[in-house]
Every structure is written in structure tokens, then in C-alpha cells.
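Heads up, the working numbering is the position in the sequence shown plus 149, with the first residue counted as 1.
Idealized CB from N, CA, C, for every residue including glycine.
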Amino acid sequence: VDRKLVKQTVMTSVYGVTYIGAREQIKRRLKERGAIADDSELFGAACYAAKVTLTALEEMFQGARSIMNWLGDCAKVIASDNQPVRWTTPLGLPVVQPYRKLGRHIVKTSLQMLTLQRETDKVIRQ
């Protein structure tokens, strides 16, 4: 195991990479190396490496994970009031996360059916 094998998984962990995502990332790296030819062995190795990597990340960054969870809980409370999450950075720059639900309108013609989407006023609760 070297740095390149787990780098993508480590870097995407802050974006909430899942076990399946980590497994697929590691599987691609292992496949690039060509060291494991058998698909079932490749899958097993990727599963093991993903589990070990994610467990190590949880142990190493427990405090950061707690803060991320707390911020996520705050965002849910804010969104439940149909408000976007917003804050000001230490440099004074405003940040707004206006994730809004999409409304759909279906237009049927004699040749086809089109679905048009646009944002609504409702905030997505994630």
C-alpha cells in the first residue's frame, strides 16, 4: 500500500465519500497497476483497503468529523425554515448555499415529450 493507492479516497473524504465510492476509487488504482488479474480478488482487495482506509480516517479526524456533523445538523435546521445556509468568511466574503428544489413541467407535443426544470422557492433539506 502506498500513498497513490489511497490518495483519492483521503482527498474525497471531506466531501463525504461513501464506502462504495472509496472501494471503486481504490479498485481503479489497483486495476491500473495490473498486480491482481482475478476480478474477485481485485474486488476483495479493494473492499479491504477501503474499509481500512475509511476506519483510519475516522480515527484520525474524529474532531473534524464531529464538526462536519454539527454543521450538517445546523444546515438541516436552517433549511427546515426554508432558508439557504449563509455565512461570512473571515475575509468578509459572503457565502450562500441556495440548494433549491427543482420544479418540473411536462410539455407534450405530437413528436415528443419535454420535461422542463427550474428552481423553486423551496430549499432542499440535506
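Residue span of the beta strand (DSSP E) that contains residue i, given as start and end
i, result
"Gly252", "249 to 257"
"Arg235", "234 to 237"
"Asp270", "262 to 272"
Through-space distance from residue j to residue i, alpha-carbon basis
i, j, result
"Gly144", "Tyr164", "Since the first and last residues shown for the chain are 150 and 275, residue 144 lies out of range."
"Lys257", "Ala198", "50 angstroms"
"Ala186", "Cys196", "16 angstroms"
"Leu260", "Asn218", "48 angstroms"
"Phe210", "Lys156", "15 angstroms"
"Arg274", "Ala184", "44 angstroms"
Cross-strand partners of residue i (DSSP beta bridge)
i, result
"Gln152", "Note that residue 152 corresponds to Arg in the displayed sequence, not to Gln. According to DSSP, Arg152 bridges with nothing at all."
Residue i at chain B interface by Cβ criterion, 8 angstroms
i, result
"Leu251", "Absent from the structure is chain B; it holds one protein chain and no more."
Ignoring anything shorter than 4 residues or poking outside the region 155 to 227, list the alpha helix (DSSP H) runs there in chain order. Listed in chain order, the alpha helix (DSSP H) elements of length 4 or more contained wholly in the region 155 to 227 are 168 to 182, 188 to 209.
May I ask you to verify whether the region 187 to 206 touches the region 221 to 232, counting CB pairs closer than 8 angstroms and requiring at least 3? When Cβ pairs closer than 8 angstroms are counted between the two stretches, the region 187 to 206 is seen not to touch the region 221 to 232, the count staying below three.
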